[in-house]
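In the working numbering, the protein residues as written are 795 to 1079.
Here is the structure we will look at, set down as structure tokens.
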């Protein structure tokens, strides 16, 4: 019998036809659904399978997918979060998922926030991973992210810069372990996101990077529990921008790992899954 990690690594590709396009997705586990919205340049193969497996082991049905026009999905591609949110919304409806935990990493965290704000009826919890709040920022991104994110390919050094904390030896080792787990899938992989197209969407450090007044208003008034998980040195979405909103967001909890970067759930996959499970068990709208 395969371990849950092996199941996550080799999960079969599936698809649903909806809205004139095919959305590719994978799913493992049984229980409460959690739908994962991916990062900039991410496809289904860029989630650490140990994080996925750890969620499944804690009673979640884990669903992750390729955005329209990217990876194995068809349709018109976009990195506009207001339009990206259509993909998880349609996937939730196509799979008839209810009381969903909507989760998103980085750019996907913006899409998850849009979905939560515009279609809260199927959402029970929001889990955000290394992303930005809507509105003006108190701390801007570092140019290093934009210089690195636009490179054609990522080696282990680039992945460490982007998603971990290069100055910390333990974080560098965690980066190597995560990369090895991700590379373990060698067949039926999603095609890479076109570099030139993705790079053309980058605009450099600015405030706000996610100007969405309606989303901020939803966060300020919602009864839906929200969890944000971050590293203390996120070079694209500094966690300080979430702490600046203390006392404005009535249901938002913040978890920050020390000596960690933009991919806290890849550096601490099992711990993050445990925190997510505890958060979902202990909170309700």
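All residues carry an ideal CB built from backbone N, CA and C; glycine is no exception.
- Scanning the region 909–976 from its first residue to its last, the whole beta strand (DSSP E) runs of 3-plus residues come out as 917–923.
- Contact between the region 855–862 and the region 823–841 is present: three or more C-beta pairs spanning the two stretches fall below 8 Å.
- In this structure, the straight-line span from the alpha carbon of residue 955 to that of residue 896 is close to 27 Å.
- When DSSP states are grouped into helix, strand and coil, residue 1022 belongs to the strand group.
- Inter-segment contact for the region 980–987 and the region 1032–1044 is absent: fewer than three beta-carbon pairs are separated by less than 8 Å.
- Residues of the same chain with their beta carbon placed closer than 6 Å to that of residue 1000 are lacking, with the five preceding and five following residues left out of the count.
- Within 10 angstroms of the beta-carbon of residue 795 lie fewer than 16 other beta-carbons, which makes it exposed.
- Counting along the chain, residue 1047 sits inside the beta strand (DSSP E) bounded by residues 1046–1051.
- Rounded to the nearest whole angstrom, the C-alpha separation of residue 820 and residue 854 is 14 Å.
- Between residue 931 and residue 1002, the C-beta gap is smaller than 8 Å, which places the two residues in contact.
- Under a 10 Å Cβ-count criterion, residue 1016 is classified as buried, with 16 or more other Cβ atoms of the shown protein chains found around its own Cβ.
- Taken through DSSP and simplified to helix, strand or coil, residue 1037 comes out as helix.
- Of all C-beta pairs linking the region 970–983 to the region 870–877, fewer than three are shorter than 8 Å, placing the two stretches out of contact.
- Contact between residue 911 and residue 1038 is absent: CB atoms are separated by about 19 Å, not below the 8 Å threshold.
- Under the DSSP assignment, residue 811 falls in the beta strand (DSSP E) whose first and last residues are 808–812.
- Here residue 845 is actually not in contact with residue 1027; their C-beta atoms are around 20 Å apart, not less than 8 Å.
- Counting only runs of at least 3 residues, the region 817–905 fully encloses the following beta strand (DSSP E) elements, listed from N- to C-terminal order: 826–831, 854–859, 894–899.
- With respect to the C-alpha of residue 906, the residue from 880, 937, 1044, 891 having the closest C-alpha is 880.
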